[in-house]
Amino acid sequence: IQWLNDKYGITGIKITPYNSQANGKIERGHWDLCQLLFKATSGNPKKWFYFLPHVLWVDHITIKCGTSCSSYFMALGTHSIVPLDIVEATWPVKPPSGILSTADLISMRATALAKHAKHVMAMQQKINKNKLDTVLCYQHKHKATIVDYNFKPG
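Written as structure tokens, this is what we have:
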């Protein structure tokens, strides 16, 4: 710690349970993180490890009231691209019924990110099957008017 003080002028602060000035700034963020994980997992603490990366990512890209921008934008100077924006797979999560708190919004986004990879492939297969069924139904319905011309090359 003396080296940090000599080189950068950083003095150490002993953090104890009785040093509320030092603990408060850190612990406040931990409380929010716990609330976000609780909401994203529907209260199941056994699933927290799965949602943690999604909750942290969404927390970094969500615009905060105090700064009017996200911490991602503050650090990098650009808005992030969410994987959902690329494929537009916003269907796994129900749309909000009204104005959401920041914690609810972040938990909803984290849930959407978690469901994204799992559900995109299933939805693509479902859409492909639906397309094929539609074509087969159309062919059956119009079989009297559909003519399969077998032209020779040339």
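Quick note: to get the numbering used here, add 110 to the position in the sequence shown (first position is 1).
Each residue gets a CB set at the ideal place from its N, CA and C atoms; glycine is no exception.
A quick note: this is a predicted structure, and the numbers were derived from the prediction, not measured.
Am I right that residue i and residue j are in contact with their C-beta atoms under 8 Å? What's the rounded C-beta distance?
i, j, result
"H164", "A220", "4 Å"
"A150", "S217", "4 Å"
"L277", "L147", "With the chain represented from 111 up to 264, any question about residue 277 goes unanswered, as that position is not in the structure."
Just grab the DSSP bridge partners of residue i for me.
i, result
"C179", "K174"
Quick check: the Cα distance between residue i and residue j, rounded to an integer number of angstroms?
i, j, result
"N240", "W158", "36 Å"
"S190", "G264", "53 Å"
"Q235", "I171", "31 Å"
"N260", "T244", "23 Å"
"T255", "L246", "14 Å"
"M231", "A224", "13 Å"
"D258", "N238", "23 Å"
"Y160", "W113", "39 Å"
"S207", "Q249", "42 Å"
"S181", "K253", "60 Å"
"E137", "C144", "10 Å"
"C179", "D142", "18 Å"
"K117", "T177", "32 Å"
To which residues of the same chain is residue i closer than 6 Å at the C-beta, ignoring the five residues directly before and after it?
i, result
"V168", "I216, R219, A220"
"K174", "none"
Here's a check: name, in chain order, each residue in its chain whose Cβ is nearer than 7 Å to the Cβ of residue i, leaving out the five neighbours to either side.
i, result
"T121", "N115"
"F183", "H189"
"K251", "none"
Go through its chain and collect everything with a Cβ distance to residue i's Cβ below 8 Å, but skip five positions before and after it.
i, result
"S152", "none"
"L242", "none"
At 3 residues or longer, what runs of the beta strand (DSSP E) sit wholly inside the segment 210-257? Entirely contained in the segment 210-257, not one beta strand (DSSP E) run reaches 3 residues.
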